[in-house]
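*Asks:* Residue numbers (my numbering): 91 to 316.
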Amino acid sequence: MIELHNVSKVYPPNVVGLRDVSLHVKPGEFVSIVGQSGTGKTTLAKMLFAEERPTHGRVTIGGWDITAIRDRDVPLLRRQIGVVFQDFKLLPRKTVFENVAFALEVSGAPSRRIKEVVPQVLKIVNLHEKGRRYPGQLSGGEQQRVVIARSLVHRPKILVADEPTGNLDLVNTQEIVDLLKTINQFGTTVVLVTHNRDVVNALKKRVITLSGGEVSSDEEEGRYKV
91 MIELHNVSKV
101 YPPNVVGLRD
111 VSLHVKPGEF
121 VSIVGQSGTG
131 KTTLAKMLFA
141 EERPTHGRVT
151 IGGWDITAIR
161 DRDVPLLRRQ
171 IGVVFQDFKL
181 LPRKTVFENV
191 AFALEVSGAP
201 SRRIKEVVPQ
211 VLKIVNLHEK
221 GRRYPGQLSG
231 GEQQRVVIAR
241 SLVHRPKILV
251 ADEPTGNLDL
261 VNTQEIVDLL
271 KTINQFGTTV
281 VLVTHNRDVV
291 NALKKRVITL
301 SGGEVSSDEE
311 EGRYKV
């Protein structure tokens, strides 16, 4: 599903983001990518949806060679990969329903499909009764659930969540983690990038630790030991 083979990323003038990283994530896995700030977590996450390209090495996502992917094919790739960030990036003047629908509209989905899919994903994130509200009328946890709903509209095979609980309190953090686990149980591969030690250790899933741009450990049912 996800393969990195001897991947390095160097930013000008000579800043190393990743150094000779190799890893394999199987379909349906739930993997946490952890490490201190500046260890390459976000660089790795961005490579998974082709926002960053490797300087050296090869990145393969579900058969797509990200290293050689053409710019015109990137939107098609990203329909197979749901992305959730710490920054909600919701449109404040659009309702919850409209925010989620927008992800389908920009890809040219017909209105019939939009009317079918949006209620489905809002139900998954337990916001089906708040579709007419605006982002400013929601809690932080609810806003993040809207983001997750938006990431699910294309039924992605992979969900990449980069610090999705960074701005949330303990209760909302747990709700988001439980939701990610549920999505994983549907068969979606989940890659969680986080610095939250408690979240990672409670999951008891595979943990890949980055240090200095390199993989320092890769453990099944691991713990965040940094």
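We treat Cβ as the ideally placed atom computed from N, Cα and C, and that holds for glycine.
From the DSSP secondary-structure annotation, give me the bridge partner or partners of residue 120.
*Replies:* Residue 120 sits at position 30 when you count from the first residue of the sequence shown. For residue 120, which the question treats as bridged, DSSP gives the partners 280.
*Asks:* With a cut-off of 8 Å on the beta carbons, I'd call residue 257 and residue 170 a contact; round off their distance for me.
*Replies:* Taking the sequence shown and counting its residues from 1, one reaches residue 257 at position 167. Taking the sequence shown and counting its residues from 1, one reaches residue 170 at position 80. Contact flag wrong, Cβ pair sits at about 27 Å.
*Asks:* Whose C-alpha, out of 119, 99 and 94, is nearest the C-alpha of residue 280?
*Replies:* The residue given as residue 280 occupies position 190 in the sequence shown. The residue with the shortest Cα to Cα distance from residue 280 is 119.
*Asks:* Just list the residues that DSSP pairs residue 99 with in beta bridges.
*Replies:* For the purposes of this step, residue 99 is taken as residue 9 along the sequence shown, with counting starting at 1. 108.
*Asks:* Look at residue 221 and residue 266 and say whether their C-beta atoms are less than 8 Å apart.
*Replies:* Mapped onto the sequence shown, residue 221 falls at position 131. Mapped onto the sequence shown, residue 266 falls at position 176. No; because the gap between Cβ atoms is not below 8 Å, this pair is not in contact.
*Asks:* In whole angstroms, give me the CA-to-CA distance for residue 289 and residue 123.
*Replies:* The count along the sequence shown starts at 1 and reaches residue 289 at position 199. The count along the sequence shown starts at 1 and reaches residue 123 at position 33. Answer to the nearest angstrom: the Cα atoms are 12 Å apart.
*Asks:* Taking Cβ positions, are residue 242 and residue 211 nearer each other than 8 Å?
*Replies:* Taking the sequence shown and counting its residues from 1, the one referred to as residue 242 is at position 152. Taking the sequence shown and counting its residues from 1, the one referred to as residue 211 is at position 121. Going by C-beta atoms, residue 242 is nearer than 8 Å to residue 211.
*Asks:* Could you tell me which of 310, 301 and 305 sits nearest to residue 294, measuring between CA atoms?
*Replies:* Residue numbering aside, residue 294 sits at position 204 when the sequence shown is read from its first letter. Considering only alpha carbons, the answer is 310.
*Asks:* Residues in its own chain within less than 6 Å of residue 130 by CB, not counting five upstream and five downstream?
*Replies:* As a working mapping, residue 130 is identified with position 40 in the sequence shown. Contacts found: 107, 108, 300 and 303.
*Asks:* Let me know the alpha helix (DSSP H) ranges lying completely inside the region 132-187, each 4 residues or longer, listed in chain order.
*Replies:* You should have 164-168.
*Asks:* Mark residue 286 as exposed unless 16 or more other C-beta atoms lie within 10 angstroms of its C-beta, in which case mark it buried.
*Replies:* Locating residue 286 in the sequence shown gives position 196, where the first residue counts as 1. So residue 286 ends up on the buried side.
*Asks:* For the structure I just gave you, are there three or more beta carbon pairs, one from the region 155-175 and one from the region 242-256, closer than 8 Å?
*Replies:* Yes, they touch.
*Asks:* Can you give me the start and stop residues for the alpha helix (DSSP H) that residue 268 sits inside?
*Replies:* Taking the first residue of the sequence shown as 1, we reach residue 268 at position 178. Unbroken alpha helix (DSSP H) run through residue 268: 260-275.
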